[in-house]
Each structure stands twice: as C-alpha cells, then as structure tokens.
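Here's the structure, in structure tokens; my notes come after.
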Amino acid sequence: MATLLIFDEYSDREDEKGKPNEAPTSRRANYSEIVWQFRERATRGANPRYQQRFIDTFQEYTDTVIQQAGDRQSNHLRTVDEYFAVRRGTSGVKSSLALILFDSDFDISPDQVLDHLVVLELEICATDSIITVNDIISYNRQQARGDDTHNLVTIIMHQYRMGLRDALQFYTFMKA
13 MATLLIFDEY SDREDEKGKP NEAPTSRRAN YSEIVWQFRE RATRGANPRY QQRFIDTFQE
73 YTDTVIQQAG DRQSNHLRTV DEYFAVRRGT SGVKSSLALI LFDSDFDISP DQVLDHLVVL
133 ELEICATDSI ITVNDIISYN RQQARGDDTH NLVTIIMHQY RMGLRDALQF YTFMKA
C-alpha cells in the first residue's frame, strides 16, 4: 500500500510524459528499489491469477495518472462525470483491492465473483466515497500549491460556478 502512495506522490509532480516538475532527489532514486522489494515480497506465494489482476489494475491506474498529468499540464478541468471516470482510476483503489487478494488462501475465479455486477457496483461506490473524502480533505493543500485541477471541490465550483461553501453543500445534496 505504501508503494502505491509513494508512486502517487511522485506522479503528482510529473507531466504526462513522466518528466518531473522539480529536480530529482535521492528519495526518487530509491523508488526503483522500493518497487523491486515490493514485487519480491508481495508476489511470494501469491496466486498468479491475482498477480495478473493487480498488474491489470495497476496498468489502468498508470494510464489514468498519465491523463491526470496531461490535464494538470494543460490546466484542463473536466466535468463532474468526466472527472469521476478518470479519478476512479487515479485513486488506486482497484489496485489496492487487488493486493488484498494476494494474502488470501481461497481461490475464486474472478469472473465468478470478483467481476460480478453487484461486486463491481460496490467497488464503484467504495471508490467514489474514498475519492470524495480525499478530495474534500486535500482541497486546501492542493489549491494552495496550484494543483487542484483534479479535485472534486474545484470541479464542482467550476462546472456550477459556485463558491467553496456552496460547492461543499452541493456535493452533500448530490450524494443524498
């Protein structure tokens, strides 16, 4: 889980081509070692099907992170619906859920249970809840550093032309 958070922190500081917006640090140089250690430890004894599920969800995550970087670079603000479509990927929730399976002793076929329509809908609901809480909590920090184009509060304020208080209130009614 920490590896995903570190990746997220570094990717927030890059453009869509992976070029950092700031000078490299020794911490950045250690990231490849962190990823290698993560892979070695996480895959030890893990079901190959669950490993593939993680790889697939992580690919989706990195693809949407690249989209986010492009939006940040061009200062593009999406609509609420467009935002959720991308943000569900950049949240890393799917990859985190896939990691949980690594430590399980059961072997269920993903298309029997994990890809069932009800389970997928629950995953979307959980992801949206995590996104909104994260975006509300991180709004002030992100807007202070000029990095709020991928924040639900900013998106609502822009799309519906309202201030911060009204946007937060709007969100409450939107989810009711």
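Numbered by my numbering, the letters in the sequence shown go through residues 13 to 188 in order.
The beta carbon of each residue, even a glycine, is placed where N, CA and C say it ideally should be.
Assigned exposure category for H162 - 16 Cβ within 10 Å defines buried: The residue given as residue 162 occupies position 150 in the sequence shown. Buried, by the Cβ-count rule.
Nearest CA to the CA of S141: which residue from N87, A58, V105 and T74? By one-based count along the sequence shown, residue 141 stands at place 129. For S141, the nearest C-alpha among the options comes from V105.
Among residues of its own chain, excluding the 5 on either side of S9, which ones have a beta-carbon nearer than 8 angstroms to its beta-carbon? This structure gives no information on residue 9, because the portion of the chain shown stretches from 13 to 188.
Let me know if I167 comes out buried or exposed under the rule of 16 or more other beta-carbons within 10 Å of its beta-carbon. In the sequence shown, the residue the question calls residue 167 occupies position 155. I167 comes out buried.
Using CA atoms only, rank isn't needed, just tell me which of Y95, F70 and I143 is closest to S108. In the sequence shown, counting from the first residue as 1, residue 108 sits at position 96. The candidate whose alpha carbon is nearest that of S108 is F70.
Helix, strand or coil for Q49, going by three-state DSSP, please let me know. The residue given as residue 49 occupies position 37 in the sequence shown. DSSP, reduced to helix, strand and coil, places Q49 within a helical segment of the structure shown.
Going by beta-carbon coordinates alone, are V77 and R90 separated by less than 8 angstroms? Looking up residue 77 in the sequence shown gives position 65. Looking up residue 90 in the sequence shown gives position 78. It is not a contact, given that the beta carbons lie outside the stated cut-off.
V125 in three-state terms, based on DSSP: Numbered from its first residue, the sequence shown carries residue 125 at position 113. Looking at V125 - three-state DSSP - the assignment turns out to be coil, as it is neither helix nor strand.
D103 versus A138, H128, Y172 and F50, residue with shortest Cα-Cα distance: As a first step, residue 103 must be located in the sequence shown, where it is residue number 91. For the sequence presented, residue 103 should be read as Ser rather than Asp. Closest by alpha carbon: A138.
Apart from the five residues just before and just after N87, which ones in its own chain have a Cβ nearer than 8 angstroms to its Cβ? For the purposes of this step, residue 87 is taken as residue 75 along the sequence shown, with counting starting at 1. So the list reads T161, once near-sequence residues are dropped.
According to the neighbour-count rule (16 or more other Cβ atoms, all chains shown, within 10 Å of its Cβ), is D93 buried or exposed? For this step, residue 93 is matched to residue 81 along the sequence shown. Its Cβ having fewer than 16 others within 10 Å, D93 is exposed.
Three-state class that DSSP yields for T76 in the structure shown: What you label residue 76 is simply residue 64 of the sequence shown in a count that begins at 1. In this structure, T76 counts as helix in the three-state DSSP scheme.
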